[in-house]
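Below: one structure, written as structure tokens.
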Amino acid sequence: MSSDPQKPLLEIANLNVAFETSRADIRPVRDVSLSIYPGQTVALVGESGCGKSVTSLSILRLIPSPPGKVLGGSIKFDGRDLLTLSEKEMRSVRGKEIAMIFQEPMTSLNPVYTIGDQIVEAVRLHQGVGTREAYEIAEESLHDVGIADPHRRIKAYPHELSGGMRQRVMIAMALSCKPRLLIADEPTTALDVTIQAQILELLRDLQQETGMAILLITHDLGVVAENADVVNVMYASRIVETASVESLFDHPRHPYTDALFRSIPRLGDESARLETIPGTVPNPARFPGGCKFHPRCARTRSLANSAPANQTVELTAVAETFRVMKRCQEEEPLPRELVPLHWAACHQTAEYDAASKTVPALDYRRPAPIEVAE
């Protein structure tokens, strides 16, 4: 584990990532700061296109360069800045210290090698064992993730397995070298609900056994509610809200977070139409000025309807004209600690102007469920 459990295992500070294009650089990740402590599950939430996957790939320095490049910031893992390591040093980190599960296992597994060969490659690279021992470790890893008859399955090819089995193989491969941090990028997106629940339960059990930290990247708030300790909500390249899972679900402070909750279908809701967030996540090449969420924000529209004309501005979307607060259009807010241990970036919250400009860092783990004796 980390040399000091009181300090973050992973600490990202003011990370900025850009991609070169023929016209200009685009920045899908801007000023991102987040911390993950040993044994903690931290969720990174947002719609597709918000910058979640680019952030996760940046941790392992898997962004292709060119066109990708890190413009600034730091990514410290157990005190070492990963951005300053050589490629050789990074190869000793990937897989061994930090492992990653990708959202589509069929495109991540090599179709011409058996799953045993693919797990063994990582084991031999990072653990320095012989081939026979590496296959024993691989077989044990398959057993640990709940794959029946691992001695036979280890000789199978990816196309011979179901989607759930392939995802279990990806988890086995990621955990075979006992990493201290697991990055799970949409690990259950392509799976049915039953298999999704099994995979998430598996990750929780393995985390309890090994004490590893998990960065869970998802757009599914149900998954977040069941698994996360701390939640970071990301929108249009920036983290706009950070809090414990209970605080976020009980009192969302940012209008984007609130809109995500209101768009969740609920049992017993007799509404004729499911509530949605108007518009789409803006293209990083054409971010709006000010708060990036203001063209879609119900809060600023509502306030503008009753505000003096000199404090508002009129916008025209594809099929509508509406007013928003001028400050939202002209000034981009940065996260502030609105209440203790709850950060959000929104001008139109009552506490924002008086709030402290602190760096989000939350060493919190949700209480374990109480087991009832039978």
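Counting from 807, one number per residue, gives the positions in the sequence shown under our numbering.
Every residue, glycine too, gets a C-beta built ideally from N, C-alpha and C.
Note that the structure is predicted; figures quoted are calculated from it, not measured.
Item, Value
"C-alpha gap between P1166 and L840, whole angstroms", "7 Å"
"In DSSP terms, what A1019 is bridged to", "L987"
"Residue of S859, I977 and S914 minimising C-alpha distance to V838", "S859"
"Assigned secondary structure, M807 (DSSP; H/G/I helix, E/B strand, else coil)", "In this prediction, M807 scores a pLDDT of 44, lower than 50, which makes its location untrustworthy; the coordinate-derived value is nonetheless stated afterwards. Reduced to three states, the DSSP call for M807 is coil."
"Under 8 Å between C-beta atoms of P1090 and R1102", "no"
"Extent of the continuous beta strand (DSSP E) to which E826 belongs", "Note, E826: premise wrong, no beta strand (DSSP E); not H, not E."
"With 16 other Cβ atoms within 10 Å as the buried cut-off, status of L850", "buried"
"Nearest residue (CA-CA) to L1080, options V1087, R1072 and T1086", "R1072"
"D1035 and S1050 closer than 8 Å at C-beta", "yes"
"Y843, DSSP secondary structure in three states", "coil"
"H1060, DSSP secondary structure in three states", "coil"
"Reduced DSSP category for K882 - H, G, I as helix; E, B as strand; rest coil", "strand"
"Cβ-based neighbour list, S880, same chain, cut-off 7 Å, excluding 5 preceding and 5 following", "A819, D887 and L889"
"T1118 beta carbon less than 8 Å from that of R1205", "The requested residue 1205 does not occur in the structure, where the chain is confined to residues 807 to 1180."
"Residue environment, S1162, which counts as buried when at least 16 other CB atoms sit within 10 Å", "exposed"
"Cross-strand partners of E1126 (DSSP beta bridge)", "Its beta-bridge partners do not exist; DSSP assigns none."
"Beta-bridge pairing of T1118 - partner residues as DSSP gives them", "M1131"
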